[in-house]
Amino acid sequence: MNAPYIQGQGQMMTIRGNNLLGVEQRTTSGYQPVRMTARGQSSYKCPNCDRFYMRTSCLKRHLRVECGQEPQYQCRICQGWFKYKHNLSAHMKLHMEEPKHHCTISPLSSLYRAIVRSHCVLVNGTLKEFACNLCPRTYSTLRALRFHQRIECNREPRFTCGWCDYRTLRRTSLQRHMLRHRRDRLD
0 MNAPYIQGQG
10 QMMTIRGNNL
20 LGVEQRTTSG
30 YQPVRMTARG
40 QSSYKCPNCD
50 RFYMRTSCLK
60 RHLRVECGQE
70 PQYQCRICQG
80 WFKYKHNLSA
90 HMKLHMEEPK
100 HHCTISPLSS
110 LYRAIVRSHC
120 VLVNGTLKEF
130 ACNLCPRTYS
140 TLRALRFHQR
150 IECNREPRFT
160 CGWCDYRTLR
170 RTSLQRHMLR
180 HRRDRLD
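Counted the way numbering that gives the first Met the number 0 counts, the sequence shown spans residues 0 to 186.
Listed below in structure tokens is the structure:
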């Protein structure tokens, strides 16, 4: 397919012509609300597909750009097509910028934190993305990692049980442990 090349905002892209593919254009007064939402608001149904929109302006944009339309913008690196220029611009960052977020267990890296988080949950079975650089422990929040490094990492346990050899770094862990001794003594 021979399409004209356009250079925009530093990215190379291909644009297809504005082909409306016979989508019917209507005026605002031509759209009638077809259903009420749970909050009692009107919604407008696209005449060509099953999508609903809260505003007629969104429905018009859908008919003009999305519904039955071929994508207009193409990535020159991976040949992916996009219906909106801003989606292509965001996509180009994947090719151009260095990833900012990394999985601590596998080699996955991404510009987007959400991608790494969902990867950690699905692939690794955990959301622990903050790793201690002094030991192999990982944490799901930066706050938990900082607490570990400040209080626990490479430190000797400060709290000891008076009934057994149990030792821990956290007072709450010792309190929970002591409940076990109380239950044993009550039985």
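Built from N, CA and C at the ideal position, the CB exists for glycine as well.
Here the alpha carbons of Tyr-43 and Gln-31 stand approximately 7 Å from one another. Residues His-180 of the same chain have their beta carbon placed closer than 7 Å to that of Trp-162, with the five preceding and five following residues left out of the count. In this structure, the CA atom of Cys-74 is about 15 Å from the CA atom of Glu-96. When secondary structure is reduced to three states using DSSP, Arg-154 falls in the coil class, being assigned neither helix nor strand. As the crow flies, the alpha-carbon of Arg-54 is around 32 Å from that of Leu-93. Around the Cβ of Leu-133, a 10 Å sphere holds fewer than 16 other Cβ atoms; the residue is exposed.
Counting along the chain, Ser-42 sits inside the beta strand (DSSP E) bounded by residues 41 to 44.
Of all C-beta pairs linking the segment 169 to 180 to the segment 146 to 161, three or more are shorter than 8 Å, placing the two stretches in contact. For the pair Leu-87 and Trp-80, the Cα-to-Cα distance works out to about 8 Å. Counting only residues of its own chain and dropping the five nearest sequence neighbours on each side, Ser-109 has a CB closer than 6 Å to the CB of Pro-98, His-100, Val-115.
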